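Read through the structure below, which is laid out as C-alpha cells, and then see the notes.
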Amino acid sequence: MWGWRPSPLPTAKEPLSPTVPQETPPEVCASQDGPAQQASLGPQQPPAQEIEEPLQADWIVVLKGQRIMRLLRRGELIREYQIALGKNPTGPKMRQGDNRTPEGLYIISGRNPNSAYHRALKISYPDPIDIINARSMGTKAGGNVMIHGLPNGVSNKYRMERDWTNGCIAVSNEEMEEIWNLVPDGTPIEILP
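Position 10 of the sequence shown, counting from 1, maps to 34 under this note's numbering, and the rest follow consecutively.
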C-alpha cells in the first residue's frame, strides 16, 4: 500500500544528543557550562571613526578689482590668495590679444603639470557667448586662459609688482602647488569685476 510512513525512532543503543552544525556562526555559541556567550574573534577594535574627506574646493571666486582669489568649500572660505591679472585688467576679455582676464562663470577644464608657468589649471574660456561676442566684433575670442604660477626661472617678487599676464590669473609657485592639490577638474570659477 502506498502512503506516508514515519521514520524509525532511535533505539536505546543510540544516545540522543544535540548536534552542532559544522559551521556554527561565530557571533553566538552555547557553552557547555551555561548560557550563550559572545564569541571572540580576536582583539576588540575601536568603533569605526568617520573618514575625513580630503580638503578640496568646490567653488572659486575671483575678485579682479581687489586682486583676490578665494577657494570655497560648501560656501566656507578655505583659502585666499593675492593674484596678478592680465596687463590690461579693467573690463572683461573681449577678444584675442586684449590682455584682459575674462569675467563670468567658467569651470576648471584641465591641467598642465609641465606648463611654462609652473603648473597651470585651464579655465573654460571662451564659452559660446564669448565666441559670439567676439565674432560680432569681427575678431576671435582668444583662449588658453589659466590659473598658473610664475614663469619658470623667475622669482616670486615678479608676481606682486604688477599685472603681467596675457589674461591669466597668476599666483606664486608655492601657492600654485597648494591650489593644484585643492582644486579638482570641473570646479566652477566665478570671475567678478
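Using N, Cα and C, we set each Cβ at its ideal position, and we do this for glycine too. Please read all numbers here as calculations on a predicted model, not as lab measurements.
Residues in the same chain with beta-carbon distance under 7 Å from residue i, minus the five sequence neighbours each way, listed in chain order, please.
{"i": "Gly121", "result": "Gly166"}
{"i": "Gly115", "result": "Arg124"}
{"i": "Lys164", "result": "Arg119, Gln120, Ala158"}
{"i": "Thr35", "result": "Model confidence at Thr35 stands at a pLDDT of 49, short of 50, so the residue's coordinates are unreliable and nothing is read from them."}
When you compare each of the options to residue i by their alpha carbons, which one comes out closest?
{"i": "Leu79", "options": "Lys88, Ile132, Val207", "result": "Val207"}
{"i": "Ile132", "options": "Leu216, Thr211, Pro217", "result": "Thr211"}
{"i": "Leu216", "options": "Ile75, Gln73, Met93", "result": "Met93"}
{"i": "Tyr105", "options": "Val169, Leu95, Leu145", "result": "Leu95"}
Within its chain, find whatever has a CB closer than 6 Å to the CB of residue i; leave out the 5 residues flanking it on each side and keep chain order.
{"i": "Glu214", "result": "Val85, Leu129"}
{"i": "Met200", "result": "His142, Arg143, Gly173"}
For the beta strand (DSSP E) containing residue i, name the first residue and the last one.
{"i": "Ile147", "result": "144 to 147"}
{"i": "Glu214", "result": "212 to 216"}
{"i": "Val85", "result": "83 to 87"}
Within a Cβ cutoff of 8 Å, which residues of the same chain sit near residue i, ignoring the five residues on either side of it in sequence?
{"i": "Pro113", "result": "Lys88, Arg124, Thr125, Asp187"}
Residue range of the alpha helix (DSSP H) that residue i falls in?
{"i": "Arg159", "result": "152 to 160"}
In three-state terms, what does DSSP make of residue i?
{"i": "Met170", "result": "strand"}
{"i": "Leu40", "result": "Because Leu40 sits at a pLDDT of 49, beneath the cut-off of 50, its placement in the model cannot be relied upon, and the following sentence gives the value as read from the coordinates. Reduced to three states, the DSSP call for Leu40 is coil."}
{"i": "Asn205", "result": "helix"}
{"i": "Ala54", "result": "With a pLDDT of only 45 at Ala54, under 50, the local geometry of the prediction cannot be trusted, and no value is derived from it."}
For residue i, write down the residues that DSSP places opposite it in a beta bridge.
{"i": "Arg97", "result": "Glu100"}
{"i": "Ala108", "result": "Ala194"}
{"i": "Leu129", "result": "Glu214"}
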